[in-house]
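The sequence shown begins at 0 in numbering that gives the first Met the number 0 and counts up by one.
Quick reminder that beta carbons are idealized off the backbone N, C-alpha and C, glycines included.
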Amino acid sequence: MKFLANLVIIMAYMLLAGCQSDPFAGDYTTGRPKFTDVPGTYRLERQTITENPLSKADMKATLTLNADGTFIMRNVPNLLGDTGKYVINEKITCRGKWDIQVVGGVDNGLGREKKHWGISLQNAPDNLSTIGLMNDAPPYKLIVNNDDPDLGKAIIFSKK
0 MKFLANLVII MAYMLLAGCQ SDPFAGDYTT GRPKFTDVPG TYRLERQTIT ENPLSKADMK
60 ATLTLNADGT FIMRNVPNLL GDTGKYVINE KITCRGKWDI QVVGGVDNGL GREKKHWGIS
120 LQNAPDNLST IGLMNDAPPY KLIVNNDDPD LGKAIIFSKK
């Protein structure tokens, strides 16, 4: 009988150890932020997509969200290439309008999903048009997930 109990415990452990989850999910913004708390300039903080370190020039990449609902993205390294290849030397610069919206959900493990709030960028490349917010209070951070969020591949921007 003890063997069966131990076997059940081992199988449960293996099942739980094999489950993946988004390593950033606990940091996602799950309460609707005030529009006035989001504008500002966000600078590239780090990336977990490639093992290649970013250059000092890459670390100067910015996304400025203006209070009038416009944005300017400057020199963001294209780590999320549409071809699946990371093109660090390619920089993305664009401008357009932004707005706050629900960009996904966060499951608490009990089947109750909370909304993940973020921003939508009109006129940005598809791979940078939906950006999540991090933190449940200002100052917020921005996160761009690449591929399956469970892989933990993302670009993170911090407010200056």
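Practice problem: Report the rounded CA-to-CA distance for Y41 versus K55, giving the unit in angstroms. | Solution: 16 Å
Quiz item: What separation, rounded to the nearest whole angstrom, lies between the Cα atoms of M58 and G110?
Solution: 38 Å
Quiz item: For A136, does the count of other Cβ atoms within 10 angstroms reach 16, so buried, or fall short, so exposed?
Solution: Counting the other CB atoms within 10 Å of its CB gives A136 a total below 16, which places it among the exposed residues.
Quiz prompt | DSSP three-state assignment for K114, whether helix, strand or coil | solution = strand
Exercise. Could you pull out every residue in the same chain whose Cβ sits closer than 8 Å to the Cβ of A153, ignoring the five residues on either side in sequence?
Key: F23, Q46, T47, I48, I142, V143, N144 and N145
Practice problem: Report the residue from R73, S128, E89 and L78 whose alpha carbon sits nearest the alpha carbon of D98. | Solution: S128
Quiz item: Do F170 and L64 have their C-beta atoms within less than 7 Å of each other?
Solution: This structure cannot settle anything about residue 170, because the visible part of the chain is limited to 0 through 159.
Quiz prompt | Unbroken beta strand (DSSP E) run spanning G131, endpoints | solution = First-last of the beta strand (DSSP E) with G131: T129 to M133.
Exercise. Look at the Cβ atom of F156, then the Cβ atom of L62, and state whether they are nearer than 7 Å.
Key: For F156 and L62, yes; Cβs fall inside 7 Å.
Quiz prompt | Beta-carbon proximity list for A60, same chain, < 6 Å, skipping 5 on both sides | solution = L43, N74 and V75
Quiz prompt | Which listed residue (T92, N51 and L120) has its alpha carbon closest to that of G68 | solution = L120
Quiz item: With 16 as the cutoff for other CB atoms within 10 Å, does A123 come out buried or exposed?
Solution: buried
Quiz item: From the DSSP output, which residues share a beta bridge with L43?
Solution: F156, per the DSSP bridge assignment.
Self-check item: Cβ-based neighbour list, A66, same chain, cut-off 6 Å, excluding 5 preceding and 5 following
Solution: P38
Self-check item: Short Cβ contact (7 Å threshold) for K113 with V101
Solution: no
Quiz prompt | Nearest-angstrom Cβ-Cβ length linking W116 and T35, presumed shorter than 8 Å | solution = Going by Cβ atoms, the distance from W116 to T35 rounds to 14 Å, so no, they are not a contact pair.
Quiz item: How about D26 and D149: do their beta carbons lie closer than 7 Å?
Solution: no
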